[in-house]
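*Asks:*
Residue numbers (the UniProt record's numbering): 1 to 254.
This is the structure in structure tokens:
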């Protein structure tokens, strides 16, 4: 499975009226670079097409778009109800969201390490008697709250562009009510598919929420449910690790 791309989501309606007044046309850097259903990449020569209703998710063909509809429909409705799409964001919001996506990529090994260690205790006894059953039932969402650094300038290095102010483990109930069913279906569908292809797997959402705004980026992480994951001896204090590595601007190689 390719490294996860983030996608823009809204955790609340935008303030200040309909944002189409700030429309600046399509912003290619803000687009997802892979099919929202099969993960084929635009760089592979595939021509992507956006959902015509919400202009949010994009697909490599009509078959993938149709197959993704049961999951996409709630997100599609959210964008239409909130009156926003990646094409109608203000120039400032676009720049921040693009920077956040680059920030996520730079720190992906750290976020993955923190997320994995965050949920691992829930697969150990006495909290869990059957890890394989838990992997099919759990609906984990790690919410990481970020702020742009006050002194960060446009074009600054991505690593220290944002800092973590909070991180907590939630469930799918964290999402706005209209999104929950779609997110739940999306998570369980991916878990089943990954387990079928790669063996027992654990899937979870990670939300990168921008403090004091409705904007967030969403990623899905997949972990193999194997002996290494279930080994208590290499468990680390995930929150301390996350705060230190990200807020100090340290990159961690895989």
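Note that beta-carbon positions come from the ideal geometry of N, C-alpha and C, so glycine has one too.
At which residue ranges does the stretch 139–189 contain complete beta strand (DSSP E) runs of 3 or more residues, listed in the order of the chain?
*Replies:* 140–148 and 162–171
*Asks:* Measuring straight from C-alpha to C-alpha, what distance separates residue 49 and residue 182?
*Replies:* 21 angstroms
*Asks:* With 16 other CB atoms within 10 Å as the buried threshold, where does residue 256 fall?
*Replies:* With the chain running from 1 to 254 in the structure shown, residue 256 is simply not present.
*Asks:* Could you give the first and the last residue of the continuous beta strand (DSSP E) run that contains residue 209?
*Replies:* Element bounds for residue 209: 201–210.
*Asks:* Going by the beta-carbon positions, is the gap between residue 111 and residue 206 smaller than 8 angstroms?
*Replies:* Going by beta carbons, residue 111 and residue 206 fall inside the 8 angstroms limit.
*Asks:* Under a three-way DSSP split, which group does residue 108 fall into?
*Replies:* helix
*Asks:* DSSP state of residue 7, grouped into three classes?
*Replies:* strand
*Asks:* Taking the alpha-carbon positions, what's the residue 59 to residue 126 distance?
*Replies:* Rounded to the nearest whole angstrom, the CA to CA distance from residue 59 to residue 126 is 43 angstroms.
*Asks:* Is the separation between the beta-carbon of residue 148 and that of residue 249 shorter than 8 angstroms?
*Replies:* no
*Asks:* Ignore the nearest five residues each way along the sequence and tell me which others in residue 236's own chain have a CB closer than 7 angstroms to its CB.
*Replies:* 117
*Asks:* For residue 184, which option in 203, 168, 195 and 166 has the closest C-alpha, if you only look at C-alpha atoms?
*Replies:* 203
*Asks:* Out of curiosity, what's the CA-to-CA distance linking residue 115 and residue 65?
*Replies:* 29 angstroms
*Asks:* Considering just the uninterrupted stretch of the beta strand (DSSP E) at residue 222, what are its terminal residues?
*Replies:* 215–224
*Asks:* Can you pull the DSSP bridge partners for residue 34?
*Replies:* 41
*Asks:* Are the beta-carbon atoms of residue 167 and residue 242 separated by less than 8 angstroms?
*Replies:* yes
*Asks:* Using a C-beta cutoff of 8 angstroms, does residue 173 count as contacting chain C?
*Replies:* You won't find chain C in this structure, because it holds only one protein chain.
*Asks:* For residue 122 and residue 108, what's the separation of their Cα atoms in angstroms?
*Replies:* 22 angstroms
*Asks:* Output the boundary residues of the alpha helix (DSSP H) element that contains residue 242.
*Replies:* 238–247
*Asks:* Specify the secondary structure class of residue 124 as computed by DSSP and reduced to three states.
*Replies:* Residue 124: coil per DSSP, three-state reduction.
*Asks:* Of the residues 69, 219, 234 and 51, which one's Cα is nearest the Cα of residue 143?
*Replies:* 219
*Asks:* Please list the terminal residues of the continuous alpha helix (DSSP H) segment that includes residue 137.
*Replies:* 131–137
*Asks:* Applying the criterion that 16 or more other CB atoms from any shown protein chain within 10 Å of the CB defines a buried residue, is residue 74 buried or exposed?
*Replies:* buried
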